[in-house]
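K.L.:
The following block contains the structure, expressed as structure tokens.
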Amino acid sequence: MRIAVCIKQVPDIEARLRVSGDGTWIDEEDLSFVINESDGYALEEALQIAERTSGEVVVFSLGPERVREALRKALALGAARAVHLKDPAFLGGDSLSTGRALAGALAAGDFDLVLTGSQSDDVGFGSTGTVIAGELGWPHAWLVMGVELDEANKKVKVTREMEAGMNEISNLDLPAVLEIQAGLNKPRYASLKGIMQAKKKEISEPGPGDLGLAPESLGETGAKIEVLSVAFPEAGKGAQIIDGDAETAARTLVEKLQKEARIL
Amino acid sequence: MSAKIWIVLQQRDGKIQKMSWEAVRAGQALAADLGGTAEAVLLGSGMEEAGNEVGQCSLGSVHVADDESLAVYTPGRFARALEAAIATAQPDYVLFPHTYQTVDFLPGLAQSLDAALVPEAVSFETVDGSVVWQRPVLGGKMFASVRAKGPGPVLVSLQSGAFSADELEKGSAPIETLSLDFAAMSADREILRIEEAIAGEVDLSQAPVIVSVGRGVGDAEKIPIMQELADALGGELGASRPVIDSGWLPRDRQIGSSGQTVTPKLYVAAGISGAIQHLVGMKGSQVIVAINKDAGAPIFNVAHYGIVGDLHEVVPAVTAALKEASES
Ligand SMILES: Cc1cc2nc3c(=O)[nH]c(=O)nc-3n(C[C@H](O)[C@H](O)[C@H](O)COP(=O)(O)OP(=O)(O)OC[C@H]3O[C@@H](n4cnc5c(N)ncnc54)[C@H](O)[C@@H]3O)c2cc1C
Ligand SMILES: Nc1ncnc2c1ncn2[C@@H]1O[C@H](COP(=O)(O)O)[C@@H](O)[C@H]1O
Numbered sequence: 001m002r003i004a005v006c007i008k009q010v011p012d013i014e015a016r017l018r019v020s021g022d023g024t025w026i027d028e029e030d031l032s033f034v035i036n037e038s039d040g041y042a043l044e045e046a047l048q049i050a051e052r053t054s055g056e057v058v059v060f061s062l063g064p065e066r067v068r069e070a071l072r073k074a075l076a077l078g079a080a081r082a083v084h085l086k087d088p089a090f091l092g093g094d095s096l097s098t099g100r101a102l103a104g105a106l107a108a109g110d111f112d113l114v115l116t117g118s119q120s121d122d123v124g125f126g127s128t129g130t131v132i133a134g135e136l137g138w139p140h141a142w143l144v145m146g147v148e149l150d151e152a153n154k155k156v157k158v159t160r161e162m163e164a165g166m167n168e169i170s171n172l173d174l175p176a177v178l179e180i181q182a183g184l185n186k187p188r189y190a191s192l193k194g195i196m197q198a199k200k201k202e203i204s205e206p207g208p209g210d211l212g213l214a215p216e217s218l219g220e221t222g223a224k225i226e227v228l229s230v231a232f233p234e235a236g237k238g239a240q241i242i243d244g245d246a247e248t249a250a251r252t253l254v255e256k257l258q259k260e261a262r263i264l
Numbered sequence: 001m002s003a004k005i006w007i008v009l010q011q012r013d014g015k016i017q018k019m020s021w022e023a024v025r026a027g028q029a030l031a032a033d034l035g036g037t038a039e040a041v042l043l044g045s046g047m048e049e050a051g052n053e054v055g056q057c058s059l060g061s062v063h064v065a066d067d068e069s070l071a072v073y074t075p076g077r078f079a080r081a082l083e084a085a086i087a088t089a090q091p092d093y094v095l096f097p098h099t100y101q102t103v104d105f106l107p108g109l110a111q112s113l114d115a116a117l118v119p120e121a122v123s124f125e126t127v128d129g130s131v132v133w134q135r136p137v138l139g140g141k142m143f144a145s146v147r148a149k150g151p152g153p154v155l156v157s158l159q160s161g162a163f164s165a166d167e168l169e170k171g172s173a174p175i176e177t178l179s180l181d182f183a184a185m186s187a188d189r190e191i192l193r194i195e196e197a198i199a200g201e202v203d204l205s206q207a208p209v210i211v212s213v214g215r216g217v218g219d220a221e222k223i224p225i226m227q228e229l230a231d232a233l234g235g236e237l238g239a240s241r242p243v244i245d246s247g248w249l250p251r252d253r254q255i256g257s258s259g260q261t262v263t264p265k266l267y268v269a270a271g272i273s274g275a276i277q278h279l280v281g282m283k284g285s286q287v288i289v290a291i292n293k294d295a296g297a298p299i300f301n302v303a304h305y306g307i308v309g310d311l312h313e314v315v316p317a318v319t320a321a322l323k324e325a326s327e328s
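Residue numbers (our numbering), protein chains in the order written: chain A, 1 to 264; chain B, 1 to 328.
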């Protein structure tokens, strides 16, 4: 099986965030970046399927230069090669223009299966995988918690999460796009050997022209929504913060739960 | 020019869920702001009763697509039906509840219509006749204001709780049949069955106190300090999704949109950031206490009491303070 995985590199948001100079995003200067959580599960699922079917995994990512590090990591984990969409025309898009670009790059790959994460931890559109499926004209399923191929590798039985603890089980014809939800497997760690091998693996960097895509349909220009500003939620209506060292704060909390909230 | 606003409701077995009523309310509010009309759309099979129920809202009309082929949701049929209906009626805005079902088909609909897509809006403002939507980014730590650009319909999904179903304006709306070429629409997945995901061994909905563990606990070895706090409070352990995904606690302890919804007397969230998917499962709790080392964590916006600090120090200290208080 030939399997593609779309991975997005996202900021590690435990850091202190600051609004960028133009007010439309965060200042990325001092942040560290990681592979988006659900994409890590998508990659693991792809690697397992490739191992079972003597197949190959190719990883795709759209983003600036720093994204190369995420692709290297995926190569160290076992992907055979990587495609990096880094041309400025690709950047700053919404899910429609980002999905269009990724689909353009995926179309030439003759894949049986494309896996994406279910949602990115930064912009969180939850949409890009479905847009890719639409562009390719393939079936898709969002929020996938189980993937089971039939013997002929022509169909896939998919378990999809629904609200309130229910699952939908369905069959999809291949090729298909599956948008993987965190938690369906146990992602592996990279081995030293894997890290060494990754250095020799290919990362190609096609531009819009190579994919036959008009630059104005891509990235920020091709997006149908624009971000005017980002901001922290209004302060004020939040929690009553209890100060002091751990012991003092703990005692005050217990007292407040007894005397103020009257629930103990 | 007056705006035409559509609200696409979600139903299951003819029952319309709360988030859909919230979306109707949002549509009414948007129509009032823009000086337009709001109309509802209902897709399914055997929709007469549900249609009449929606008809009791103040709306321009209720469009009902009632067909056997829509009895079970598939993205192929639902997106194609809406694509045809939207292309004909040309609403300016189409609102949806931000449910897992909506997220499954809405991007494909936006793409085929070449429409702007605003997922997970929590509020809007109208500025000179154009609408600016707020939506959470970065796990709910921040909010982005976004606007559609270019012509064409704007498709928006609305996050749970963003609008209040209690403020719904009642009225009487005519029911209209949405006649579409259903035979031309094919399912793109074969639904085999719908089943319960978790064998619900633990029913947290009845627990008076829940101590909920987040990723901030660090690893499985640290769960016992949380259990001790739960024991001291006479409560149960709950958890955010990553704790379950990592295998630190079983899935039947998950709280949130894909886990359990709870409303205990006391909910203690330790090492939980407060992403919306977690909040929807616990924000109805009577008293919420948050313990988190990051003062900017969104959990502090819904909590009543907060302690900013390392849970590995604070949680055992709270357990000790409880014991101290019960002895004195
Ligand atoms: C479709 C969908 C469905 C989902 N369903 C659910 C669901 O049902 N339930 C759910 O919970 N999530 C769900 N999620 C995931 C959700 O979006 C968040 O990713 C998740 O809730 C985050 O869990 P967390 O707060 O434990 O982890 P994080 O967001 O990683 O937060 C960890 C927090 O711990 C704090 N911390 C770290 N170390 C310490 C320390 N030593 N002391 C104190 N604080 C510390 C950090 O400051 C941070 O705020 C869903 C996501 C999607 C896309
Ligand atoms: N820039 C990108 N590069 C690669 N994959 C992406 C990118 N943006 C989104 N994706 C994929 O699409 C999924 C959903 O992202 P989103 O629609 O932003 O929530 C992610 O989990 C990724 O798998």
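Glycine included, every Cβ here is placed at the ideal spot set by N, Cα and C.
Bear in mind that the values here come from a model prediction, so they are computed numbers and not experimental data.
Please compile the residues from chain B whose C-beta is within a distance smaller than 8 Å of the C-beta of residue 242 (chain A).
P.N.:
Start at 1 with the first residue of the first sequence, and residue 242 (chain A) comes out as number 242. Residues of chain B passing the Cβ test: 305, 306 and 307.
K.L.:
Given residue 78 (chain A), which residues of its chain have a CB within under 7 Å of its CB, disregarding the five upstream and five downstream residues?
P.N.:
As a first step, residue 78 (chain A) must be located in the first sequence, where it is residue number 78. For residue 78 (chain A), where only same-chain residues beyond five positions count, the Cβ hits under 7 Å are 47, 57 and 194.
K.L.:
For residue 115 (chain A), write down the residues that DSSP places opposite it in a beta bridge.
P.N.:
Within the first sequence, numbered from 1, the residue matching residue 115 (chain A) stands at position 115. Partner(s): A:5 and A:178.
K.L.:
Could you tell me which chain B residues have their CB closer than 7 Å to the CB of residue 123 (chain A), listed as they occur along the chain?
P.N.:
Looking up residue 123 (chain A) in the first sequence gives position 123. The contacting residues are 137.
K.L.:
Taking its Cβ as the centre, do 16 or more other Cβ atoms sit within 10 Å of residue 27 (chain A), making it buried, or is it exposed?
P.N.:
Position 27 of the first sequence, counting from 1, holds the residue named residue 27 (chain A). With fewer than 16 other Cβ atoms within 10 Å, it is exposed.
K.L.:
Is the CB of residue 42 (chain A) under 8 Å away from at least one CB in chain B?
P.N.:
Translated into positions along the first sequence, residue 42 (chain A) becomes position 42. It does not: the Cβ of residue 42 (chain A) has no partner Cβ on chain B nearer than 8 Å.
K.L.:
Could you please give me the residues that DSSP links to residue 147 (chain A) through a beta bridge?
P.N.:
Translated into the one-based positions of the first sequence, residue 147 (chain A) becomes position 147. DSSP, once it has assigned bridges, lists A:158 as partnering residue 147 (chain A).
K.L.:
For the 8 Å Cβ check, are there 3 or more pairs between the stretch 152–166 of chain B and the stretch 39–49 of chain B?
P.N.:
Contact between the stretch 152–166 of chain B and the stretch 39–49 of chain B is absent, because fewer than three Cβ pairs lie under 8 Å.
K.L.:
Going by alpha carbons, who is nearest to residue 244 (chain B) out of A:228, A:186 and A:32?
P.N.:
Locating residue 244 (chain B) in the second sequence gives position 244, where the first residue counts as 1. Checking every option, the nearest Cα to that of residue 244 (chain B) belongs to A:186.
K.L.:
So, do the stretch 129–136 of chain A and the stretch 168–180 of chain A have three or more beta carbon pairs nearer to each other than 8 Å?
P.N.:
Segments in contact, yes.
K.L.:
Taking residue 46 (chain B) and residue 79 (chain B) to be in contact with their CB atoms under 8 Å, please state how far apart those CB atoms are, rounded to whole angstroms.
P.N.:
Indexing the second sequence from 1 puts residue 46 (chain B) at position 46. Indexing the second sequence from 1 puts residue 79 (chain B) at position 79. At roughly 21 Å, the Cβ-Cβ gap does not stay under 8 Å, so residue 46 (chain B) and residue 79 (chain B) are not in contact.
K.L.:
If you follow the beta strand (DSSP E) that residue 66 (chain A) is in, where does it begin and where does it stop?
P.N.:
Working through the first sequence from its first residue, we reach residue 66 (chain A) at position 66. Residue 66 (chain A) -> no beta strand (DSSP E), and no H or E assigned at all.
K.L.:
Please list, in chain order, all residues of the same chain as residue 15 (chain A) whose beta carbon is under 6 Å from its beta carbon, the five residues on each side excluded.
P.N.:
As a first step, residue 15 (chain A) is located in the first sequence; it is residue number 15 there, counting from the start. Cβ within range, chain order: 31.
K.L.:
Residues of chain A with CB closer than 7 Å to the CB of residue 313 (chain B), please, in chain order.
P.N.:
Counted from its first residue, the second sequence places residue 313 (chain B) at position 313. Those within 7 Å of residue 313 (chain B) in chain A are 246.
K.L.:
Return helix, strand or coil for residue 269 (chain B), following the three-state DSSP convention.
P.N.:
The residue labelled residue 269 (chain B) in the question sits at position 269 within the second sequence. Strand, per DSSP.
K.L.:
Using only the heavy atoms of ligand 2, determine whether one of them is closer than 7 Å to the beta carbon of residue 144 (chain A).
P.N.:
On the first sequence, residue 144 (chain A) is found 144 positions in, with the first residue counted as 1. No, Cβ of residue 144 (chain A) sits at least 7 Å from all heavy atoms of ligand 2.
K.L.:
Should residue 331 (chain B) be flagged as near chain A, meaning a C-beta pair shorter than 8 Å?
P.N.:
Any question about residue 331 (chain B) goes unanswered here, given that chain B covers just 1 to 328.
K.L.:
How many whole angstroms separate the CB atoms of residue 97 (chain A) and residue 217 (chain A), which I take to be in contact at a CB cut-off of 8 Å?
P.N.:
On the first sequence, position 97 is the one that residue 97 (chain A) refers to. On the first sequence, position 217 is the one that residue 217 (chain A) refers to. The pair is a contact, with the Cβ atoms about 7 Å apart (cut-off 8 Å).
K.L.:
Just the residues with CB closer than 7 Å to a heavy atom of ligand 2, in chain order, which are they?
P.N.:
Residues flagged by the Cβ proximity filter: A:6, A:7, A:8, A:36, A:38, A:39, A:42, A:60, A:61, A:62, A:63, A:95, A:98, A:102, A:116, A:117, A:118, A:119, A:120, A:123, A:124, A:125, A:126, A:127, A:128, A:129 and A:179.
K.L.:
Starting from residue 97 (chain A), follow the alpha helix (DSSP H) in both directions and report where the run begins and ends.
P.N.:
Taking the first sequence and counting its residues from 1, the one referred to as residue 97 (chain A) is at position 97. Per DSSP, residue 97 (chain A) belongs to the alpha helix (DSSP H) from 95–107.
K.L.:
Look at the alpha carbon of residue 63 (chain B) and the alpha carbon of residue 175 (chain B), and state the distance between them as a whole number of angstroms.
P.N.:
What you label residue 63 (chain B) is simply residue 63 of the second sequence in a count that begins at 1. What you label residue 175 (chain B) is simply residue 175 of the second sequence in a count that begins at 1. Answer to the nearest angstrom: the Cα atoms are 6 Å apart.
K.L.:
Count Cβ pairs between the stretch 230–248 of chain B and the stretch 181–198 of chain B that sit closer than 8 Å; are there 3 or more?
P.N.:
Not touching, per the Cβ criterion.
K.L.:
For residue 310 (chain B), which residues from the same chain have a beta carbon less than 8 Å from its beta carbon, with the 5 sequence-adjacent residues on both sides left out?
P.N.:
Within the second sequence, residue 310 (chain B) is the residue found at index 310, counting from 1. If we look at residue 310 (chain B) and ignore the five residues flanking it on each side, its Cβ neighbours are 293.
K.L.:
Does the distance from the C-beta atom of residue 116 (chain B) to that of residue 224 (chain A) stay below 8 Å?
P.N.:
By one-based count along the second sequence, residue 116 (chain B) stands at place 116. By one-based count along the first sequence, residue 224 (chain A) stands at place 224. Closer than 8 Å, so yes.
K.L.:
Taking 7 Å as the line, does the beta carbon of residue 297 (chain B) fall inside it for any heavy atom of ligand 1?
P.N.:
Position 297 of the second sequence, counted from the start, is the residue given in the question as residue 297 (chain B). Yes, the beta carbon of residue 297 (chain B) sits closer than 7 Å to at least one heavy atom of ligand 1.
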